Amino acid sequence: MKPEKYLKSHLDLIEQTLVCRSAVAKSLGHPVHKGTLRENFIREFVAGHIGDDLGVSSGEIFDSERIIGDPANQIDVVIYTKNFPKIRIVSEEINAFMCESVHAIIEVKSVLDEDELDKAYTVANRICSLNNEYFTQKNWRTWCYVVAFESKATLPKWGKR
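Heads up: the sequence shown begins at 2 in my numbering, then just goes up one per residue.
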């Protein structure tokens with residue numbers, strides 16, 4: 002019998018836990034509750050698996066060009082550097098972040114269809130085009146992910162877009 006690898010085994014068990022917790026969310030009647038619960042699952046997972054210098058929250062991301070009243074996207078999960086300033090909007094869970102502090106964003110979808118995939122792509126494009134004045138290197142980027150609990154979308158093949 003081949004021995005199990007620790008990290009793979011750990012992540013497989015975490016995946017099973019997330020699937021079970023997703024079933025709890027699925028049993029709820031209101032879609033907002035489902036979405037909020039699923040976003041919390043993902044935030045808890047990420048927070049439990051990153052270093053102490055990074056934080057996990059949700060909220061808006063802005064740059065130095067932001068004008069009051071400009072539309073902004075509510076990002077489900079923001080992974081940011083803790084030693085950068087942030088603006089607390091409502092509570093510790095909802096903040097506004099300078100784009101320079103953001104390493105990654107995660108959009109959480111209960112059901113991913115082509116329309117939701119297009120929206121996630123638009124959000125990612127908007128976030129990645131913010132004017133990052135601190136990190137001017139070409140290789141600095143904000144990583145953008147989508148986590149879906151169910152999918153009806155088919156991903157386009159690279160180069161066919």
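Glycine is no exception: its CB is placed at the ideal position from the N, C-alpha and C atoms.
All of these numbers come straight from a predicted model, not from anything done at the bench.
Decide if residue 7 is buried, meaning its Cβ has at least 16 other Cβ atoms within 10 Å, or exposed.
Against the sequence shown, residue 7 aligns to sequence position 6. Residue 7 comes out exposed.
Can the beta-carbon of residue 112 be found less than 7 Å from the beta-carbon of residue 151?
Within the sequence shown, the letter at position 111 stands for residue 112. Within the sequence shown, the letter at position 150 stands for residue 151. The criterion of a C-beta distance shorter than 7 Å is satisfied by residue 112 and residue 151.
Tell me the rounded alpha-carbon separation between residue 15 and residue 133.
Stepping through the sequence shown from its first residue, residue 15 is reached at position 14. Stepping through the sequence shown from its first residue, residue 133 is reached at position 132. Roughly 34 Å between the two C-alpha positions.
State yes or no: is the C-beta of residue 59 within less than 7 Å of the C-beta of residue 77?
Looking up residue 59 in the sequence shown gives position 58. Looking up residue 77 in the sequence shown gives position 76. In contact: residue 59 and residue 77 (Cβ atoms closer than 7 Å).
Distance check for residue 69 and residue 13, CA to CA, integer angstroms please.
Your numbering for residue 13 matches position 12 in the sequence shown. Your numbering for residue 69 matches position 68 in the sequence shown. A straight-line Cα-Cα distance of about 44 Å links residue 13 and residue 69.
Hey, residue 79 and residue 106: beta-carbon distance below 7 Å or not?
Locating residue 79 in the sequence shown gives position 78, where the first residue counts as 1. Locating residue 106 in the sequence shown gives position 105, where the first residue counts as 1. Going by beta carbons, residue 79 and residue 106 fall inside the 7 Å limit.
So, with DSSP's three-state summary, where would you put residue 108?
Counting from 1 along the sequence shown, the entry for residue 108 is found at position 107. Correct three-state label for residue 108: strand.
Using the Cα positions of residue 149 and residue 28, report the straight-line distance between them to the nearest angstrom.
Looking up residue 149 in the sequence shown gives position 148. Looking up residue 28 in the sequence shown gives position 27. Each residue's Cα considered, the two are about 17 Å apart.
So, are the CB atoms of residue 147 and residue 108 less than 7 Å apart?
Locating residue 147 in the sequence shown gives position 146, where the first residue counts as 1. Locating residue 108 in the sequence shown gives position 107, where the first residue counts as 1. Yes.
Rounded to whole angstroms, what's the CA-CA distance from residue 22 to residue 47? Just pull it up for me.
As a working mapping, residue 22 is identified with position 21 in the sequence shown. As a working mapping, residue 47 is identified with position 46 in the sequence shown. Cα to Cα, residue 22 sits roughly 15 Å from residue 47.
Helix, strand or coil: which one does DSSP assign to residue 37?
Residue numbering aside, residue 37 sits at position 36 when the sequence shown is read from its first letter. Here residue 37 sits in helix by DSSP.
Output yes or no for whether 7 Å exceeds the beta carbon distance between residue 62 and residue 103.
Looking up residue 62 in the sequence shown gives position 61. Looking up residue 103 in the sequence shown gives position 102. Their beta carbons are under 7 Å apart, which means residue 62 touches residue 103 by this criterion.
State the DSSP-derived secondary structure class of residue 134, mapped to helix, strand or coil.
By 1-based counting over the sequence shown, the position of residue 134 is 133. Of the three classes helix, strand and coil, the one that applies to residue 134 here is coil, per DSSP.
With respect to the alpha helix (DSSP H) encompassing residue 77, which residues constitute its N-terminal and C-terminal limits?
Within the sequence shown, residue 77 is the residue found at index 76, counting from 1. First-last for residue 77: 76-82, but that is the beta strand (DSSP E), not the alpha helix (DSSP H).
According to DSSP, residue 153 sits in a beta bridge with which residue or residues?
Taking the first residue of the sequence shown as position 1, residue 153 is located at position 152. Paired residues: none, contrary to the question.
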